[in-house]
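S.K.:
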Amino acid sequence: MSTTLEFRRRLSLHLPQEKMGSNASDSAMLKSWRKTPPPSSSLVRISQNANDKYESPPFSSGGHNWKLVVYPKGNEEDNGSGFVSMYVECLSSTTPPIDVFAYLTFFVFSEEEKKYLSIQDVEVKRFNSSKTVWGLSKALSIETLKDRAKGFILYGELHEFGAHVKIVSRPVSFGEDLPFHKFSWTISDFSLLRQNDCVSKTFHMGEKDWTLTLYPKGDSRADGELSQHLHLTDNDTLLKGELIFVRVNLKVLDPRGSNHLSVWLKSWLLNSNKAWGKTQSMSLDKIQGAYLDREGTLEVEIECEVVNSIKNHPCF
30 MSTTLEFRRR
40 LSLHLPQEKM
50 GSNASDSAML
60 KSWRKTPPPS
70 SSLVRISQNA
80 NDKYESPPFS
90 SGGHNWKLVV
100 YPKGNEEDNG
110 SGFVSMYVEC
120 LSSTTPPIDV
130 FAYLTFFVFS
140 EEEKKYLSIQ
150 DVEVKRFNSS
160 KTVWGLSKAL
170 SIETLKDRAK
180 GFILYGELHE
190 FGAHVKIVSR
200 PVSFGEDLPF
210 HKFSWTISDF
220 SLLRQNDCVS
230 KTFHMGEKDW
240 TLTLYPKGDS
250 RADGELSQHL
260 HLTDNDTLLK
270 GELIFVRVNL
280 KVLDPRGSNH
290 LSVWLKSWLL
300 NSNKAWGKTQ
310 SMSLDKIQGA
320 YLDREGTLEV
330 EIECEVVNSI
340 KNHPCF
């Protein structure tokens, strides 16, 4: 068994200079449900047939005035075609002469859930006289917004949007020199295993200790298919305000060639979500027939990368 550090990637505070907003990647956007509404002054209701951009009345936060800007059909100039684009603009009357840093959260109300879909851009944004607008060009797909089963179409054929701006004194420092790991695991006598799960030895990644759990008979969501899950160890916890975005490639190696089973995962890990996994898309019978060597050994490999790591986030 070995854990190999193959290369390091430096992550730094990224403040792009697009004309409007930012194309936040999966590693910078976090969606969740919440009952608490955003400040009522930022809430707007827009007809589902609206095409042009909509600007809310001004609302105040952190000593500055802001407005919510919504493109219900997408802002094509910011690569938002097919999505709802949502931005926050700092109004010129209160535009700071120096940098002001803020976290942005956007909201869409669902009548079905009786909750707000919260779309959090977890990376701090810098507002100043030359950059007054930030947001998400791909906040929510139009297909999802128009799906009546999701509940985003309210009585009167309206959608309800909102925003929250949280001012912070300085940018949250992002992790640097975060490693990319390859971890190999040999499981002997795989076909003879009787337990429901097997847990690997601990390996270190991104200042945390992790284990890989393999379910030789499948987990509760996929009986009869091989499942693998990545976990933070029981002794390692995420602190309040700590977020980690992990990208993982789970592999079952082909002992006779290069026809490896491979599946990619990517997800934010919070203190309430310390483990997640994936079912391999092949039955256990086929795995035992094609992926065990002559001694009945199964070779598993996991490639892990901490894409983004944030500490002391004020919103989590």
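In terms of this note's numbering, the sequence shown opens at residue 30 and continues consecutively. The beta-carbon is built from N, C-alpha and C at its ideal position, and this holds for glycine as well. The model shown is predicted, which means the values in this text are computed figures rather than measured ones.
#1: Below 7 Å, is the gap between the Cβ of L174 and the nearest heavy atom of the ligand HEM?
#2: Between which residues of its own chain and D128 is the CB-CB distance below 8 Å, once the five residues before and five after are set aside?
#3: With distances taken between CB atoms, is the gap from L346 to S229 smaller than 8 Å?
#4: Have a look at P284, L298 and V277 and flag the residue whose alpha-carbon is nearest the alpha-carbon of V292.
#5: Which residues mark the beginning and the end of the alpha helix (DSSP H) in which E172 is found?
#6: Rounded to whole angstroms, how far is the Cβ of T215 from the Cβ of T240, which I believe are closer than 8 Å?
#7: Can you tell me whether H43 is buried or exposed, with buried defined as 16 or more other CB within 10 angstroms of its CB?
#8: Provide the residue span of the alpha helix (DSSP H) that contains A192, from first to last.
#9: May I have the straight-line CA-CA distance separating K175 from V113, to the nearest angstrom?
#10: Which partner residues does R285 have in the DSSP bridge list?
#11: Using only the alpha-carbon positions, how far apart do G204 and K211 sit?
#12: Can you pull the DSSP bridge partners for G164?
#13: Measure the C-alpha to C-alpha separation of S312 and S256 and round it to an integer number of angstroms.
#14: Which residues in the same chain as G180 place their Cβ atom closer than 8 Å to its Cβ, once the five residues preceding and following it in sequence are excluded?
#15: Looking at the C-beta of T134, does it have a partner C-beta in chain D at a distance below 8 Å?
#16: Please classify Y184: is it buried, with 16 or more other beta-carbons within 10 angstroms of its beta-carbon, or exposed?
#17: Can you tell me which of V98, C227, P68 and S89 puts its alpha carbon nearest to the alpha carbon of D81?
#18: Measure the C-alpha to C-alpha separation of C333 and H260 and round it to an integer number of angstroms.
#19: Quick check on the burial criterion: 16 or more other C-beta atoms within 10 angstroms. Buried or exposed for L34?
#20: From the DSSP output, read off the bridge partner residues of E328.
#21: Going by DSSP, what residue range makes up the beta strand (DSSP E) through K60?
#22: Taking 8 Å as the threshold (C-beta atoms), are L290 and L272 in contact?
#23: Taking the beta strand (DSSP E) that K295 belongs to, which residues open and close that run?
#24: Quick one: Cα of G92 to Cα of K60, how far?
#25: Just to confirm my understanding: we take S217, look at its own chain, exclude 5 residues before and 5 after, and list those with CB closer than 8 Å. What are they?
M.R.: This is what the structure holds:
#1: Looking at this structure, you won't find the ligand HEM or any other ligand, since it has none at all.
#2: R155, F156 and N157
#3: Any question about residue 346 goes unanswered here, given that the chain covers just 30 to 345.
#4: V277
#5: I171 to K175
#6: T215 to T240, Cβ: 15 Å. No contact.
#7: Confidence at H43 is low in this model, with a pLDDT of 29, below 50, so the placement of that residue should be treated as unreliable; the coordinate-derived value is given next. H43 is exposed by the Cβ-count criterion.
#8: First-last for A192: L187 to V197, but that is the beta strand (DSSP E), not the alpha helix (DSSP H).
#9: 11 Å
#10: In the DSSP output, where bridge partners are listed per residue, R285 has none listed.
#11: Interpretation of G204 is limited by its pLDDT of 36, a score under 50 that renders its predicted location unreliable; the figure taken from the coordinates is listed afterwards. Each residue's Cα considered, the two are about 20 Å apart.
#12: Bridge partners of G164: Y116.
#13: 10 Å
#14: S139, E140, E141 and E142
#15: The displayed structure is made up of one protein chain only, and chain D is not part of it.
#16: Using a 10 angstroms sphere on the CB of Y184, the tally of other CB atoms stays under 16, which defines it as exposed.
#17: V98
#18: Taking the straight line joining both Cα atoms gives about 12 Å.
#19: Any answer about L34 is weak, because its pLDDT of 25 lies below 50 and its placement is not dependable; what the coordinates show is given next. Under this definition L34 is an exposed residue.
#20: T215
#21: M58 to R63
#22: The Cβ-Cβ distance between L272 and L290 does not fall below 8 Å.
#23: Start and end: L290 to L298.
#24: For G92 and K60, the distance between alpha carbons rounds to 27 Å.
#25: E324, G325 and T326
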